[in-house]
Amino acid sequence: MKAKITLLALILAFKLSYSQNAPSEVFGGEFIKNTDSSLCLTLEQRNAIFKELNENIALLKRNGNLAFNNAKRGSHPLFIWPVQKASSVTYSSIWGISNYVDHNPNTPNQLTDYNCGTKTYDTTDGYNHQGIDIFSWPFSWYAMDNDQAEIVAAAAGQIIAKGDGNFDRSCDFSTTTPWNAVYVQHSDGSIAWYGHLKSGSLTSKNVGDMVAEGEFLGIMGSSGVSTGPHLHFEVHTNSTYTQLVDPYTGTCNTMNVDSWWQSQKPYLNPAVNAALTHTADPVFNACPTTETPNLSNQFDLNDQVFFTVFLRDQEPGSSLNLRIIKPDNTDLFNWNYNLTDYYQLSWWRWNAFPNIEGEWKWEVTYMGETTTHTFNVGTLSVEEATLENTSIFPNPFNDVVNINSMVKIEALEIVDVLGKSVFKLKGYTSEGIEQVDLAQLSNGLYFLTLYGEQKEKKIIKLIKK
Ligand SMILES: [Zn+2]
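The letter at position 149 of the sequence shown is residue 148 when you use numbering that gives the first Met the number 0, and the numbering goes up by one with no holes.
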């Protein structure tokens, strides 16, 4: 894949001009992307996949378990979008597109995507990109750690192969380790490949099992030949499942005439993925270290708040309307910011000092869509300070987990997957952020139950790595 996801560095493009009524100078800009390109799969890996798919299909058929029936081959499926945010994610969106299928058979650097543009890549050794690369944004490693970007079945079908357990924090193309992936055959015989998934995240369903449209398949990761978390979505048809399909219809699509999407998205998708508040600027660490987002929705009176906007496909000549809205719904600041360049990924930041207690809003309107983020200044109201809002990080963890709670926790207990109690703290009280050392537990899946003062409880799935 083309190294558009690692985002090793960021242009910190200071713009010294204040927009009218802006609370501060703007900070931010585009991510510098690594421009190296290589295969999303090596030729050997690709051939091994074809071999495995055909062997598994033959085996399923022999056993009478193959769902696809060539005599009843229907029309091709219509896909839904294969990446969705987890229900816990409050962002507007979590994805962007870095590469389409390359329709120009020549190499190198002879690029034609379905729309006759060059949002694709090829390599000197003759590979033309065969899939669609969809990455997560912002904080792709943080999203991976916290299972925020889910890969779902674009269409119903039967799992023909799956591979899991491979290293999932690749940063370059040097690896020969295979990716983690799920392969689903549809009722017309076509097969969709979902690659680069997070290790251990794959659906528990097995080869031969059926999946529904929209069903969870795994978490976006960076396994195999990859430079950062993204999904490589590739589709093949015909009797040997080797004829490539580009799901997008367009003038320069040389493979298939009609769209395979239920609702084909535009070529570019300019949007606000997230409007967030922070205690400091987010830090984008070197690959594959998880970003330090410095996120917070809770500030003391007159604290400095960092207000960010994370955009995908920022469009030249477009503008953002930005509002910092007080608890009484009047504006502390209301300003516009003009965007002059096309950036696949960009982020912008301003600072302000909210000076009234209560629930505030950070509101960004872009391309007719409004994204509203709420945060609190001063003491939390009783409603918000509940066990429900208690969180655990990091998860998965190594030795120590942090419990971040606004309310008192009276006890906690951890059970393993068999329901056996493996850790207990009673008469323990904590508020704010508390560390709990769980080094003694062996790696695996656990369930943590937190008990509040009113005997209310919350159960959280924990993974020790
Ligand atoms: Zn790819």
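Beta carbons are placed, not taken as given, at the ideal position from N, Cα and C, and that holds for glycine.
With a threshold of 6 Å on Cβ separation, who are the neighbours of glycine 125 within its own chain once the five nearest residues in sequence on each side are excluded? Thr106
Taking asparagine 237 as the reference, which of Ser189, Gln263, Asn255 has the closest Cα? Ser189
Any chance the region 50-65 sits against the region 151-163, with 3 or more Cβ pairs inside 8 Å? yes
With DSSP collapsed to three states, give me the class of glutamine 471. Nothing can be reported for residue 471: it is not among the residues displayed for the chain, which extend from 0 to 464.
Rounded to whole angstroms, what is the Cα-Cα separation between leucine 196 and phenylalanine 166? 10 Å
Shorter than 8 Å, the distance from the beta carbon of aspartate 468 to the closest heavy atom of ligand 1, or not? No answer is possible for residue 468: the residues shown for the chain start at 0 and end at 464.
Would alanine 273 be called buried (16 or more neighbouring beta carbons within 10 Å of its own) or exposed? buried
Out of Phe374, Ala279, Asp312, Leu331, which one is the CA nearest neighbour of asparagine 268? Asp312
Methionine 143 by DSSP, collapsed to three states: which one? helix
Should aspartate 121 be counted as a contact of ligand 1 given a C-beta to heavy atom distance under 8 Å? no
Own chain, CB closer than 6 Å to cysteine 115, minus 5 neighbours either side, in chain order: Thr250, Cys251
Around the Cβ of methionine 209, are there at least 16 other Cβ atoms within 10 angstroms (buried) or fewer (exposed)? exposed
From this set, Gly418, Ser262, Lys407, Leu38, which residue's C-alpha is nearest threonine 123's C-alpha? Leu38
May I ask you to report which of helix, strand or coil DSSP gives isoleucine 462? strand
Where does the unbroken beta strand (DSSP E) through lysine 161 begin, and where does it stop? 156-162
Relative to ligand 3, is the shortest distance from any of its heavy atoms to the C-beta of isoleucine 131 smaller than 8 Å? The ligand content of the structure shown is limited to ligand 1, which means ligand 3 is not among them.
Which of the three DSSP states, helix, strand or coil, is assigned to arginine 72? coil
Who are glycine 377's beta bridge partners in DSSP? DSSP, once it has assigned bridges, lists no residue as partnering glycine 377.
Tell me whether histidine 479, by its Cβ, gets closer than 8 Å to a heavy atom of ligand 1. Within the shown structure, residues of the chain are numbered from 0 to 464, placing residue 479 beyond reach of any answer.
How many Å lie between valine 181 and valine 244 at the Cα? 17 Å
Cβ of histidine 128 versus every heavy atom of ligand 1: is any distance shorter than 8 Å? yes
Please determine whether the Cβ atom of histidine 231 lies at a distance below 8 Å from any heavy atom of ligand 1. yes
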